[in-house]
Amino acid sequence: MLFNETYDVIVVGAGHAGCEAAAAAANLGSKTMLITMNMQTIGQMSCNPAMGGIAKGQIVREIDAMGGFSGIVADKSAIQFKMLNLSKGPAMWSPRTQNDRMKFAEEWRYVLENTPNLDFFQDMVKSLIINNGKVEGVITSLGIEIKGKSVVLTNGTFLNGLIHVGDKQLGGGRMGEPKAYGITEQLVELGFEAGRMKTGTPVRVDGRSLDYSKMEEQAGDKNPQKFSYLDTPKLKKQRSCYITYTNETVHEILRTGFDKSPMFNGTIQSIGPRYCPSIEDKINRFAERNRHQLFAEPEGWNTVEVYVNGFSSSLPEDVQLKALHHVPGFEKAKIFRPGYAIEYDYFPPTQLKHTLETKLIENLYFAGQINGTTGYEEAAGQGLMAGINAHNKVHEKDEFILSRDEAYIGVLIDDLITKGTEEPYRMFTSRAEYRLLLRQDNADIRLTEKAYNLGLAKEERLKNMEEKVAKSSELEEFLRETSLKPGIINPILEANESSPVDQAYRAAQILTRPNLSLEKLTAIDFIKEKVEQYNEEQKEQAEINIKYKGYIEKERDNVAKLQRLETIRIPEDFDYSKISSLSAEAKQKLNKIQPKTIAQAGRISGVSPADINVLLIYLGR
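Structure (structure tokens):
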């Protein structure tokens, strides 16, 4: 026997979900095993070399606030930082980094190899050991049995992965890497429902063959911030991205390949990500648009490889190249690797509990793309939660669940479990009802103490968070108490096209005006002197709290109202079919999903407010 011991947690797959799951379980004290088909691709960015973005940046900050590593790894491998949506309110601000692909994977490997309680093994897992409805380990393709008290599956695109380039098909989980098989078949036999999804990736080109003078430069932020709340390095220098556009000629050339496109000739029947369509999908769906934006994104500090964001495609490789040559700046482009589509197995997530444990098999957890999501950040957030819950279950501790008003990760998991998904699920700010509470700037205030109590976030994080709260409150207090006479404040108001005042006002009142900021108030010497005592995060927190106080309080009231419904629990294995006044659809959906609370029942698509009233009456409310 290669492995005599029984692990607490076995994690299958070492992508974004698997890395976070393994790190969380091991750091909490579980004897953990991470199994991957290739030790060289741990933490590999399969698609774009970037982390964060709209609503995804919030998730990375939440992972960091709880003691996960995606934020730290992203900071250490960043080549550019941008805060998106700064022209909108703070609920929409979303951090994003461009990353060095190789360095990102290297940093992840370094993190994991320096994590106590974590072992590695390189092989493909082809089946699970299951006894009496409970998982007890895995069997690899070499026939090696590894015993474990719990298993987290994070198989990504590898489960029966099929790659399409034009009419060519290759079995694999990523170009050049074999597919995994055996697990889907076994789980379906056990009674799980499985489906197929599709995603794609763009062409990669040789940066030396591009003419950047024909493109618009996109530099990083002048004052780049970072993801982690710990002391990770801030970027001193950055690499630019470049924007260019397709045109009618490009679209015409792409159309010539449609008869060989697996998307249009019926070869691919599964659904791809709605908000990340392929270029052929874009020109087909949005035929009225004569151009689409493309981003040339460098793959790292020291490589010439460039990722062409926006040009995801599964058309024949010669059509891809021919069309590219008509994009400004790409006239002489050389392809490193063509774009391709990939189909893979997933399991509709309504088969899971909120802990990400499967309802059918005890101690078996699913995280990442296997649950029908798309995106590194969504996968990493699920991995973290599955790792925590697998550890807690094995050690007979309480389950750890984040609610919709606590974190985007909570919204993500609740959406998946309650609503399910027919297409690859991607997080957006619009999916959260309480996005004003779930901002990127306060992820530590929301989550660090919870994670510290779990034993995952270290004391340093807690102290940082407590200091931030104390300092920002102190600055807030100063601005609420400081009176500014007309003679002092009017010149600033006039300079910012804001109407002058004829009496003294508090600095905080002035701050609530739309075109004024704390930075503008530092034109007053004694305010400048005070404000300089605080760091960026503390200043930002105080300013947001003052500017949006009324809105934030309103949102908290809404949460409190809805929480009443969250506390009304529904008995386990409740039989809805015996309530005759429920609609037929509601009975079917409620019996399938088995919601835990009235609030969750209300979020299931097909369950109407009338059905909820019937339930409330039935439960004696």
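Per the working numbering, residue 140 is the first one in the sequence shown, and the count goes up by one each step.
Glycine is no exception: its CB is placed at the ideal position from the N, C-alpha and C atoms.
Every value quoted in this text rests on a predicted model; they were computed, and no experiment measured them.
- Taking N581 as reference, the option from D544, E616, P563 with the minimal CA-CA separation is D544.
- Between the alpha carbons of E561 and G511 lies a gap of roughly 8 Å.
- Residue A740 holds the alpha-carbon nearest to the alpha-carbon of L721 among I707, A740, R703, E705.
- Taking a contact as a CB-CB distance under 8 Å, the pair L586 and Q197 does not count as one, their CB atoms being some 11 Å apart.
- Per DSSP, A480 is one residue of the beta strand (DSSP E) stretching across 479–485.
- For Q579 against W232, the beta-carbon gap comes to about 6 Å, under 8 Å, which counts as contact.
- Annotation: the continuous alpha helix (DSSP H) that includes T323 extends over 322–328.
- Contact between I737 and I718 does not hold, since their C-beta atoms are separated by about 14 Å, which reaches or exceeds 8 Å.
- Put simply, the backbone Cα of T145 is about 37 Å away from that of I584.
- Where F243 is concerned, the enclosing alpha helix (DSSP H) starts and stops at 240–252.
- I193 carries a coil assignment under DSSP once its states are collapsed to helix, strand and coil.
- The C-beta distance from K215 to E252 rounds to 15 Å, too long to meet the 8 Å contact threshold.
- Annotation: V327 to A333 spans about 7 Å, alpha carbon to alpha carbon.
- Counting C-beta pairs closer than 8 Å gives fewer than three between the stretch 615–624 and the stretch 595–607, which falls short of the contact rule.
- Counting only runs of 3+ residues, the beta strand (DSSP E) found wholly inside the stretch 402–458 occupies 432–437, 444–451, in chain order.
- With distances taken between CA atoms, T513 lies nearest to C186 out of C186, G168, I149.
- As DSSP reads the structure, M336 sits in a beta bridge with I410, Y483.
- Beyond the five residues adjoining it in sequence on each side, K678 comes within less than 8 Å, by CB distance, of S611, L614, L657, V670 in the same chain, given in chain order.
- Assignment of Q261 by DSSP, reduced to helix, strand and coil, places it in the strand class.
- For I302, the enclosing beta strand (DSSP E) starts and ends at 301–304.
- R760 sits in coil when the DSSP states are folded into three classes, being neither helix nor strand.
- Of the residues F259, T406, H303, S226, the one whose Cα lies closest to the Cα of I181 is F259.
- Residue pairing for S289: DSSP places it in a beta bridge opposite V148.
- Taking a C-beta distance under 7 Å as the contact criterion, N294 and T171 do not qualify as a contact pair.
- Non-local beta-carbon contacts of Q432 in its own chain, meaning distances under 7 Å to residues more than five positions away in sequence, involve I382, Y384, G449 in chain order.
- For the set C415, S452, V443, the Cα lying nearest the Cα of G396 is the one of S452.
- Of the residues assessed, I756 falls on the exposed side of the cut-off, its CB having fewer than 16 other CB atoms within 10 angstroms.
- Judged by DSSP in its simplified three-state form, L701 adopts helix.
- As summarised for the stretch 629–696, there are no continuous beta strand (DSSP E) elements at least 3 residues long confined to that stretch.
- Three or more beta-carbon pairs separated by less than 8 Å are not found between the stretch 358–368 and the stretch 417–434, which leaves the two stretches without contact.
- By a beta-carbon distance limit of 8 Å, V342 contacts G478. Their separation comes to about 4 Å.
- Cα atoms of F208 and K667: separation of roughly 36 Å, rounded to the nearest angstrom.
- Taking C-alpha positions only, K735 is separated from N635 by approximately 52 Å.
- Non-local beta-carbon contacts of S744 in its own chain, meaning distances under 6 Å to residues more than five positions away in sequence, involve K558 in chain order.
- For L223, the closest C-alpha among the options D641, T236, I211 is that of T236.
- Residue burial is scored here from C-beta neighbours: G626 has fewer than 16 other C-beta atoms within 10 angstroms and is therefore classed as exposed.
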